[in-house]
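Take the sequence shown: its letter number 77 is residue 77 in full-length UniProt numbering, and every next letter is one higher. To start, the structure under review is shown below, and the notes come after it.
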Amino acid sequence: MPAAQTVPCQYRTGKTLGSGTYAVVKEAVHIKTGKYYACKVINKKLMEGREHMVRNEIAVLKKVSSGHRNIVTLHDYFETAHNLYLVFDLCTGGELFDRICAKGNYYEADAAELVRTIIKAVLYIHGCGIVHRDLKPENLLFRSPAEDADIMIADFGLSRVMDDEKFKQLTEICGTPGYMAPEIFRKSGHGKPVDIWAMGVITYFLLCGYTPFDRDTQQEEMEAIIAGDYKFEPKEYWANVSEVARDFVRTLLTVDPTKRPTAQQALEHPWLASSEPHFVADP
Ligand code: ADP
Ligand code: MG
1 MPAAQTVPCQ YRTGKTLGSG TYAVVKEAVH IKTGKYYACK VINKKLMEGR
51 EHMVRNEIAV LKKVSSGHRN IVTLHDYFET AHNLYLVFDL CTGGELFDRI
101 CAKGNYYEAD AAELVRTIIK AVLYIHGCGI VHRDLKPENL LFRSPAEDAD
151 IMIADFGLSR VMDDEKFKQL TEICGTPGYM APEIFRKSGH GKPVDIWAMG
201 VITYFLLCGY TPFDRDTQQE EMEAIIAGDY KFEPKEYWAN VSEVARDFVR
251 TLLTVDPTKR PTAQQALEHP WLASSEPHFV ADP
């Protein structure tokens, strides 16, 4: 095992927790306090010419992080000649992606509970004038290994601050193909509705264990997304899923972004509104 590295004096990094395109995320212990964190290490060379993306991620995190219980908290950040370091509160429960894979799929009531929590956090993010743009089960983390642990929105690497007046000001193609909304491919301009589309894909995935637009090639996948071409099939995977849950998915996967519900409207859909846990007064 290689010797532990010392991240600018204060932290000692340990095992790798996950990795993405530009970053590797490692467990890190704050030497003075012995507290554990997750440290996102971004190699400046790999990011060359795109350092602004990390600065943007930090700026967005400063705006939203610690303002909501279901958004990962940026604790600290610094840089050396070679790397940028973002220190987050540690989520020890792993990615939603792995939980879906382990379970096969979620029970509908549990899926509704998770989706409600995530959309409430999305509502908060959107309220701060930010669009996340990379919502997917790999970027949704559990705070602890407990079955009922808080789910946390992570990875603001592709997020943007949006001017509310200009609903469609973003045009670059970015995201993870299977979760990208049709308007991103059409390059017709996009904004907050892309996060709602991604929540539709995530809900579909939670309910059946696979994603709706999975095709043999990326071209076919893109064409399916633009056409909104998906089915609740094979039927045996959908046999136990209610009509109201399907309607929720259908509503979020509305191809026209202007007709897609907002986060607030999604929360008001009967699938989420009706299964809100009933308040039980103390005897
Ligand atoms: P990228 O932009 O490269 O995708 P992410 O911020 O998504 O980087 O981090 C990559 C992976 O690292 C995540 O999918 C997750 O598995 C893990 N990770 C990120 N942040 C944390 C955290 N705060 N606690 C635990 N694991 C984390
Ligand atoms: Mg990621």
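Ideal Cβ positions, reconstructed from N, Cα and C, are used throughout, including at glycine. The structure presented is a predicted model; accordingly, all values stated were derived computationally and were not measured.
Look up residue i in the DSSP assignment and say whether it is helix, strand or coil.
i, result
"LYS44", "coil"
"ASN105", "coil"
"THR33", "coil"
"THR73", "coil"
"HIS113", "In the sequence as presented, His is not what sits at residue 113; that position holds Glu. Note: GLU113 maps to helix in three-state DSSP."
"GLY18", "strand"
"ARG250", "helix"
"VAL255", "coil"
Opposite residue i in the DSSP bridges: which residues?
i, result
"SER144", "Looking at the DSSP assignment, SER144 forms no beta bridge with any residue, so it has no partner."
"LEU84", "ILE42, GLU79"
"MET152", "LEU141"
"VAL161", "ILE130"
"ALA273", "DSSP lists no partner for ALA273."
"ALA28", "THR13, TYR37"
"GLU95", "LEU141"
Is residue j closer than 9 angstroms to residue i when the C-beta atoms are compared?
i, j, result
"LEU252", "ILE196", "yes"
"LEU86", "LEU96", "no"
"PHE142", "GLY94", "yes"
"GLY209", "ILE100", "yes"
"ILE130", "ILE151", "no"
"LEU207", "TYR106", "yes"
"GLN218", "PRO182", "no"
Can you tell me whether residue i is buried or exposed? The criterion is at least 16 other CB atoms within 10 Å of its CB, across all chains shown.
i, result
"residue 285", "The first residue shown for the chain is 1 and the last is 283, placing residue 285 beyond what the model contains."
"ILE31", "exposed"
"LYS26", "buried"
"VAL72", "buried"
"THR203", "buried"
"ILE173", "exposed"
Within 9 angstroms of any Cβ in chain B, is that where the Cβ of residue i sits?
i, result
"THR258", "Given the protein chain composition of this structure (a single chain), no chain B is represented."
Nearest-residue set for the ligand MN, Cβ under 5 angstroms from any heavy atom: Summarising the ligand content, the structure contains the ligand ADP and the ligand MG and does not contain the ligand MN.
What ranges does the alpha helix (DSSP H) occupy inside the stretch 204 to 230, keeping only unbroken runs of at least 4 residues that lie completely in it? 218 to 227
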